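Colleague: I'd like to ask you about the structure that follows.
Protein chains: 4
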Amino acid sequence: MSATRSLDPDPPSGRSPSFGDVAHLGHVELLTPELEASARCFTSVLGLREVGRDATHAFLRGESEYELAGLTLTAADQAGIGHLGLRTSSAEALARRVEAVLAAGLPGQWVEDGFGHGPAFRFTGPSGHPTELYWETERYAAPEADRPPAKDRLGRRGTAGIDVRRLDHINLLAPDVSAAASLAWSALGATLLDEIVDDVGVMAGAFTTFGQRPLELVYTRDPYGAAGRLHHVAFWVDTREEVLRAADIFVDHGIQIEVPPAQHTIGRSFFLYGFEPGGNRIEITTGADLVLDPDPPTRTWTAAERRRGVGWGTTFPASWGAYGTPDVRAE
Amino acid sequence: MSATRSLDPDPPSGRSPSFGDVAHLGHVELLTPELEASARCFTSVLGLREVGRDATHAFLRGESEYELAGLTLTAADQAGIGHLGLRTSSAEALARRVEAVLAAGLPGQWVEDGFGHGPAFRFTGPSGHPTELYWETERYAAPEADRPPAKDRLGRRGTAGIDVRRLDHINLLAPDVSAAASLAWSALGATLLDEIVDDVGVMAGAFTTFGQRPLELVYTRDPYGAAGRLHHVAFWVDTREEVLRAADIFVDHGIQIEVPPAQHTIGRSFFLYGFEPGGNRIEITTGADLVLDPDPPTRTWTAAERRRGVGWGTTFPASWGAYGTPDVRAE
Amino acid sequence: MSATRSLDPDPPSGRSPSFGDVAHLGHVELLTPELEASARCFTSVLGLREVGRDATHAFLRGESEYELAGLTLTAADQAGIGHLGLRTSSAEALARRVEAVLAAGLPGQWVEDGFGHGPAFRFTGPSGHPTELYWETERYAAPEADRPPAKDRLGRRGTAGIDVRRLDHINLLAPDVSAAASLAWSALGATLLDEIVDDVGVMAGAFTTFGQRPLELVYTRDPYGAAGRLHHVAFWVDTREEVLRAADIFVDHGIQIEVPPAQHTIGRSFFLYGFEPGGNRIEITTGADLVLDPDPPTRTWTAAERRRGVGWGTTFPASWGAYGTPDVRAE
Amino acid sequence: MSATRSLDPDPPSGRSPSFGDVAHLGHVELLTPELEASARCFTSVLGLREVGRDATHAFLRGESEYELAGLTLTAADQAGIGHLGLRTSSAEALARRVEAVLAAGLPGQWVEDGFGHGPAFRFTGPSGHPTELYWETERYAAPEADRPPAKDRLGRRGTAGIDVRRLDHINLLAPDVSAAASLAWSALGATLLDEIVDDVGVMAGAFTTFGQRPLELVYTRDPYGAAGRLHHVAFWVDTREEVLRAADIFVDHGIQIEVPPAQHTIGRSFFLYGFEPGGNRIEITTGADLVLDPDPPTRTWTAAERRRGVGWGTTFPASWGAYGTPDVRAE
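Protein chains in written order, with the numbering used here: chain A, 14 to 344; chain B, 14 to 344; chain C, 14 to 344; chain D, 14 to 344.
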């Protein structure tokens, strides 16, 4: 399809042969120059709960996360992403994925001190984002104050704000989307469901998943060719009504909205984009179609198709294509 | 239609000739033996905001109420209703309604110290509920912390819990529904949209309105023949999704649900019933059809029709017909 | 406030002294050069039901309309509005409003052959739109095939498409908004809830209502200074979810979307704009805040405030300000 | 846990070692003594589309099904289930599952003439339900009239009725739930997420999944000890609002509602139960929590816990425990 992809020995397409070894995106570490304000936004506006805190970190969870914390905030000079964590399906699956990463020529190291999970293999792929693979994890056991009435629930609803239920997906900016997607497909077992190919045939976007959700790990092209930057991190709510209510809450609590609620075409999710006080772009999302097909063909979207807008005709502001964290735009 | 109604010289039917003089239900005073717990429920679970407080009262408002406080909680030995307040459409309309109440042979007196409004004429009708008529009122001006970004909003959303927007309606228990409805129709200008007539032809329920909502002031027959008791007070949310979310929040915060979310036939509203810690029944409601017809015929529902259940077939538990506040069931 | 308004002896502000005499917007006649295609759109896509038809007209109703037909389609050379009908609250109210129209120096005539209603007084106000006032009307009695199971419903749901429930409001383009709004306020009893004032102090938008909905009869300035043109006619659905679903249905059935679902600030309604095949702009709307206040202050919005976008930041495409029917843009 | 389970050499618990080999429930064949009426219900009320028809069958699909037909209706003397079809993840996975079924001592045969899919291995497990395993399938390619505007959609929305999007899950009645669940776990790779254990420790319900949805293949105990009967088949809509709208449509189109919309505890889905004209119980469902955990512990629910009602306190009518198809209740 693209010049870049033809260089790959094993270009990503459809379901990865290693599908299933990575179970899901487990956690994201966001960097913020405004730790207090960011923590306040994620707790009182998004409704996450704090499960750990030290001078430079806040560990936060959504009510339906079975692990301890889907989000870590870390004080830093600049906004951006610290790392992302991927939980594997078993200890054996972890061993296989580590082997595959090493076989791809990527160095890495075992990290022992992750919050809420066991040993993690940390490496940095071609997109420049530190990534952890881990199997052992700590399941959340609600303290009395958060204990729900029935055992299918993990915590209580409605404490504050938008009441997001869990971390959903992450969109990373990559200097070379094809290289990033290829590694995700070949070494991590990510299925490539959708790709955007630009006017000269180069992959500009890759939408990959580890399960039945239509996207979990998304790479789009960094407009500055930089490595390691974040486009956005997305949090799940159960209904589109909650996305609409979230927009009211963003407005009423001073969280800048970048794109008001609208519908994506790729993934068919309903969304709202804004910026947390540290500067990172966040998405409130719901409603995507599940992918039940075990052999899903990769859909290729041309740049022309994308220029028509998404969903019901929504077009994005210029910032959506230009801004990421850390911000590298010329002052 | 019923034996009782035939005794009325001017039985209520359809729109009252005085329609429009009372503008809307303005506020309700609930009595509670558990003031602190009740106030906590209405603020942290329902999401009302406290605008005033003293040793025996809490004054609370929903975000979209243009007046100061739609709900007053008053410490008392027993749960129940202290009074309800009806705002008139003008000073002249107030004078007309006071005259009509007096002409109906009901004594009353002017009360000067109401929270958030001007002089009120207080009387007790045949149903035994203290009722105030008032015109002058204080409009809510949000303090900095609650100030919304645009002038069409009165306050901020999402501070806590269910985030109800305003007081909606009240359902009073009356020993003689027909007498209560007749006074509401003839002296207060309430339109009778729906009535329930029992198997022997006596009015057992009267659904009246002062505007275009399908119900505002509802009388149903007191199963114990008592006067002055409360069936429930209802708070509005904008969407059925918020009623469903409210059910989660009730469950997760220990607010007993009496009837899970379902659909009414009369009024076509969507509802959830539960009990606040003081023992009063509360409803979370939305979605009723507006009544645009200026000459709406009264619909008569037979007891047989009511036994079929409401909406999509929901039947009510025994408590719904038997319980009111104060509770007068034999110990 | 504005130069134009200061010329009025009795400028519109807040509730009209004649409030209540007009009960509600009853029906709208749309002109269409594509009668068949328009009728198909309104029935199979919007879900209205045909209750009458001849060679040049289709008479259509929403399921919850108590009158016979909220919408008439009339074959014509150009798209636009034929007339609008306002139902009064009584025969006496009709007489008063006719007297007021005549007193304002506007000629008019009684029309006897309206579909589904009795004699109507037809006049054309300063905005150039033929307007009917009527009291007698025919209530819809469902034929067997449309008979609902309970008497609070007027028809059946779910036959097709979006399943709109009723006509909601109309937005007319006027060469002189202040003059149009003044007549509506003084002669028709419309309350002015919101006005837009342009940068030189002239009224550019007037949002008026005959009841508790935040808008029913809206005038905005005709960009071409023309008279008698239509901006849009709006149909009500009960939930925001149905507006979102409507967007899918518009896309899937070839109905061009002009503005994807978003939130208005004025009126706080949720909306979707598109074009029916005849060229008239239509809105699918829900969710507006009711106006319970009997003495609502008129809110004045500056052009600067309006330029910030509506609701959660949505800005309108150029067509929204430029296009009306009939289309008078230079070829 | 239960007497029955202790007899199993390899009792089902959590994720199956064969997880992933079966991709998802692909189709269900319902038997109906009222083929025409059933087909009309599934098309005009549920909104499925007919993709094939002969004298004794109707083949139907939901708009988001990538395969040809999720539902087959077959004329028969009695209501019930003809068979269910499970699509595997690959040809190899199919071979492995067939081998496992044979190794479990169950006879089976290859069937070549399935509508819309390739060769299927058909067997009948201990629950008595004919079950097909298949890999090759025909993907739906929309004809012009159903072609959607963007390539992420498979068909058009809003043609009629509830507009369900796809087959979701099936609940079978089994004489021995533990035996049925054990086979599903060991031979089919189903994960056991939830089980109900009765007061004497016998498994009375098993909720199993092949992917991330909380339930796909459910077994509950047949109250008559019969084999091969159906409790219900469930169809997916995207939002809870659509379940509520479905209830209106059921009522308005004469589809009997058994349980009005409410919330399940197990699976946390939102539901509505009714009966199609052939007598089979159908569910409209949405909203379940996804199971991201690759190692989910089986939750055990006691009969006492179940007696408390589901979700927000909903209790089921007696028919829910007593009725299945074919109906074997004594006349």
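Even for Gly, the Cβ is constructed at its ideal location relative to N, Cα and C. Please read all numbers here as calculations on a predicted model, not as lab measurements.
(1) Please say whether D:Tyr232 and D:Val218 have beta carbons closer to each other than 8 angstroms?
(2) Would you call A:Gln276 buried or exposed, if buried means 16 or more other Cβ atoms sit within 10 Å of its Cβ?
(3) Residues of chain A with CB under 8 angstroms from B:Asp261, in chain order?
(4) Between the Cα of A:Leu206 and the Cα atoms of D:Arg234, D:Asp165, D:Ser195 and D:Gly214, which residue gives the shortest distance?
(5) If we define contact as Cβ-Cβ less than 8 angstroms, is A:Ile175 a contact residue for chain B?
(6) Using beta-carbon positions only, say whether A:Phe223 and A:Ala36 come within less than 8 angstroms of one another.
(7) On the three-state DSSP scale, how would you describe D:Gly93?
(8) In the DSSP output, what is D:Ala133 paired with across the bridge?
(9) Between D:Glu145 and D:Gly127, how many whole angstroms is the CB-CB distance? I'm expecting something under 8 angstroms.
(10) State buried or exposed for D:Pro330, treating a residue as buried only when at least 16 other CB atoms are found within 10 Å of its CB.
(11) Is any heavy atom in the ligand NAP found nearer than 7 angstroms to the beta carbon of A:Thr45?
(12) Just the Cα atoms here: how many angstroms apart are A:Pro132 and A:Arg321?
(13) Check each residue of the segment 29-43 of chain D: if its Cβ is closer than 7 angstroms to any Cβ of chain A, include it; give the result in chain order.
(14) When the cut-off is 8 angstroms and only beta carbons count, does C:Glu254 lie next to chain D?
(15) Find out if the Cβ-Cβ distance for the pair C:His70, C:Leu86 is shorter than 8 angstroms.
(16) The alpha helix (DSSP H) with D:Val196 in it runs from where to where?
(17) Does C:Arg18 come within less than 8 angstroms of chain D when only Cβ atoms are used?
(18) Taking the DSSP output, what are the residues bridged to D:Arg234?
(19) The alpha helix (DSSP H) that contains A:Ile295, what's its start and end?
(20) What is the DSSP secondary structure of B:Phe220, reduced to helix, strand or coil?
(21) Quick one: what does DSSP say D:Thr45 is sitting in, helix, strand or coil?
(22) Is DSSP giving C:Gly168 helix, strand or coil here?
(23) Give me the residue from A:Asn293, A:Gly334 and A:Pro310 with the minimum Cα distance to A:Ala89.
(24) How many Å lie between C:Arg281 and B:Asp251 at the Cα?
(25) In chain A, which residues lie less than 7 angstroms from B:Val264 when you measure between Cβ atoms?
(26) Compare the C-beta of D:Leu257 with all C-beta atoms of chain B and state if any pair is closer than 8 angstroms.
(27) Enumerate in chain order the residues of its own chain whose CB-to-CB distance from C:Glu151 is below 6 angstroms, with the five nearest sequence positions on each side excluded.
(28) Where in the segment 242-326 of chain C do unbroken runs of the beta strand (DSSP E), each at least 3 residues long, occur, reported from the N-terminal end onward?
(29) Are the CB atoms of C:Pro161 and C:Ala154 within a distance shorter than 8 angstroms?
(30) Could you check what DSSP says for A:Ala331 in three-state terms: helix, strand or coil?
(31) Quick check: what's the CA-CA separation for A:Glu289 versus A:Ile94?
(32) Taking C-alpha atoms, which residue in B:Leu180, B:Gln269, B:Pro188 and B:Arg242 lies nearest to B:Glu229?
(33) Can you pull the chain D residues whose beta carbon is under 8 angstroms from the beta carbon of B:Pro290, in chain order?
(34) Could you work out which residues of chain D lie near B:Leu275, taking near to mean beta carbons separated by less than 7 angstroms?
(35) By DSSP, does C:Asp345 sit in helix, in strand, or in coil?
(36) In the structure shown, what three-state DSSP assignment does B:Glu112 receive?
Modeller: Looking at the coordinates:
(1) Your numbering for residue 218 of chain D matches position 205 in the fourth sequence. Your numbering for residue 232 of chain D matches position 219 in the fourth sequence. The sequence given here places Gly at residue 218 of chain D; Val does not occur at that position. Taking 8 angstroms as the Cβ cut-off, D:Gly218 and D:Tyr232 qualify as a contacting pair.
(2) Translated into the one-based positions of the first sequence, residue 276 of chain A becomes position 263. Classification for A:Gln276: buried.
(3) The residue you call residue 261 of chain B lines up with position 248 of the second sequence. In chain order: Arg170 and Gly171.
(4) Here the question's residue 206 of chain A lines up with position 193 in the first sequence. Ranking the options by Cα distance to A:Leu206, first place goes to D:Asp165.
(5) Position 162 of the first sequence, counted from the start, is the residue given in the question as residue 175 of chain A. Cβ-Cβ to chain B under 8 angstroms: yes for A:Ile175.
(6) As a working mapping, residue 223 of chain A is identified with position 210 in the first sequence. As a working mapping, residue 36 of chain A is identified with position 23 in the first sequence. Going by C-beta atoms, A:Phe223 is nearer than 8 angstroms to A:Ala36.
(7) Counting from 1 along the fourth sequence, the entry for residue 93 of chain D is found at position 80. Looking at D:Gly93 - three-state DSSP - the assignment turns out to be strand.
(8) In the fourth sequence, the residue the question calls residue 133 of chain D occupies position 120. For D:Ala133, which the question treats as bridged, DSSP gives the partners D:Val124 and D:Tyr147.
(9) Locating residue 145 of chain D in the fourth sequence gives position 132, where the first residue counts as 1. Locating residue 127 of chain D in the fourth sequence gives position 114, where the first residue counts as 1. Between D:Gly127 and D:Glu145 the Cβ distance is about 7 angstroms, and since that is below 8 angstroms, they are a contact.
(10) The sequence position of residue 330 of chain D within the fourth sequence is 317, counting from 1. By the neighbour-count rule (16 or more Cβ atoms within 10 Å), D:Pro330 is not buried but exposed.
(11) The ligand NAP is not part of this structure, which contains no ligands at all.
(12) For the purposes of this step, residue 132 of chain A is taken as the residue at position 119 of the first sequence. For the purposes of this step, residue 321 of chain A is taken as the residue at position 308 of the first sequence. Cα-Cα distance, rounded: 45 angstroms.
(13) Gly33, Ala36 and His37
(14) Taking the third sequence and counting its residues from 1, the one referred to as residue 254 of chain C is at position 241. Yes, because at least one Cβ of chain D sits closer than 8 angstroms to the Cβ of C:Glu254.
(15) Counting from one through the third sequence, the residue named residue 70 of chain C turns up at place 57. Counting from one through the third sequence, the residue named residue 86 of chain C turns up at place 73. Cβ atoms of C:His70 and C:Leu86: closer than 8 angstroms.
(16) One-based indexing of the fourth sequence puts residue 196 of chain D at position 183. Per the sequence shown, the amino acid found at residue 196 of chain D is Leu instead of Val. Taken as a continuous stretch (DSSP letters only), the alpha helix (DSSP H) holding D:Leu196 covers Val190 to Leu201.
(17) Residue 18 of chain C sits at position 5 when you count from the first residue of the third sequence. In this prediction, C:Arg18 scores a pLDDT of 37, lower than 50, which makes its location untrustworthy; the coordinate-derived value is nonetheless stated afterwards. Not an interface residue.
(18) As a working mapping, residue 234 of chain D is identified with position 221 in the fourth sequence. For D:Arg234, which the question treats as bridged, DSSP gives the partners D:Ala187.
(19) Translated into the one-based positions of the first sequence, residue 295 of chain A becomes position 282. It is not in any alpha helix (DSSP H) - A:Ile295 instead sits in the beta strand (DSSP E) that spans Arg294 to Thr299.
(20) Taking the second sequence and counting its residues from 1, the one referred to as residue 220 of chain B is at position 207. Three-state result, B:Phe220: strand.
(21) Working through the fourth sequence from its first residue, we reach residue 45 of chain D at position 32. Of the three classes helix, strand and coil, the one that applies to D:Thr45 here is strand, per DSSP.
(22) The count along the third sequence starts at 1 and reaches residue 168 of chain C at position 155. Three-state DSSP puts C:Gly168 in coil, outside helix and strand.
(23) Within the first sequence, numbered from 1, the residue matching residue 89 of chain A stands at position 76. Closest by alpha carbon: A:Asn293.
(24) Within the third sequence, the letter at position 268 stands for residue 281 of chain C. Within the second sequence, the letter at position 238 stands for residue 251 of chain B. Each residue's alpha carbon lies about 11 angstroms from the other.
(25) Translated into positions along the second sequence, residue 264 of chain B becomes position 251. By Cβ distance, chain A contributes Pro162.
(26) Locating residue 257 of chain D in the fourth sequence gives position 244, where the first residue counts as 1. Chain B contact via Cβ: present.
(27) Your numbering for residue 151 of chain C matches position 138 in the third sequence. Once the five neighbours on either side are set aside, the close Cβ partners of C:Glu151 are Leu81 and Gly129.
(28) 242-249, 270-276, 283-288, 294-299 and 312-315
(29) Stepping through the third sequence from its first residue, residue 154 of chain C is reached at position 141. Stepping through the third sequence from its first residue, residue 161 of chain C is reached at position 148. No, the pair does not count as a contact, with Cβ atoms beyond the cut-off.
(30) Counting from one through the first sequence, the residue named residue 331 of chain A turns up at place 318. A:Ala331: helix per DSSP, three-state reduction.
(31) Here the question's residue 289 of chain A lines up with position 276 in the first sequence. Here the question's residue 94 of chain A lines up with position 81 in the first sequence. Taking the straight line from one Cα to the other gives about 13 angstroms.
(32) Taking the second sequence and counting its residues from 1, one reaches residue 229 of chain B at position 216. Of the candidates B:Leu180, B:Gln269, B:Pro188 and B:Arg242, the one whose C-alpha sits nearest the C-alpha of B:Glu229 is B:Leu180.
(33) In the second sequence, residue 290 of chain B corresponds to position 277, counting from 1. Result: empty, since nearest Cβ-Cβ is about 18 angstroms, beyond 8 angstroms.
(34) Sequence index remark: in the second sequence, residue 275 of chain B carries index 262 (1-based). In the sequence as presented, Leu is not what sits at residue 275 of chain B; that position holds Ala. Pro273, listed in chain order.
(35) Nothing in the structure corresponds to residue 345 of chain C, since chain C is present only between 14 and 344.
(36) Within the second sequence, numbered from 1, the residue matching residue 112 of chain B stands at position 99. Looking at B:Glu112 - three-state DSSP - the assignment turns out to be helix.
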